[in-house]
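All residue numbers in the sequence shown are consecutive under the numbering used here, ending with 377.
Glycine included, every Cβ here is placed at the ideal spot set by N, Cα and C.
Taking it in order: structure first as structure tokens, then the write-up.
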Amino acid sequence: MYYVLEISQDFCSNFHETNMNLLFFGGTGLGKTFMCNCIANELLNKEISVLYQTSFSLFETIE
């Protein structure tokens, strides 16, 4: 989990300098949604717009 935290912090710190994306996957209750919300909150604190979408909603949009 510390590795995920480190990558997430790096993502937020270097958001404008990189073209990096993150993909969280895994079983129920592992903290994926929590980490996504933490990242979104950090970016919002930096006045960066955030769009939160579930994978189901994203795939519906793509269709």
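Please classify residue i: is it buried, with 16 or more other beta-carbons within 10 angstroms of its beta-carbon, or exposed?
i	result
residue 353	buried
With distances taken Cα to Cα, identify the nearest neighbour of residue i among the options.
i	options	result
residue 380	327, 344 and 370	Past the boundaries of the shown model lies residue 380; the chain is included only from 315 to 377, so the question cannot be answered.
residue 325	350, 374 and 339	350
residue 347	329, 322 and 375	322
residue 339	376, 358, 373 and 318	318
residue 343	377, 315, 374 and 372	315
Cβ contact (3+ pairs, closer than 8 Å) linking the stretch 357-365 and the stretch 332-346:
no
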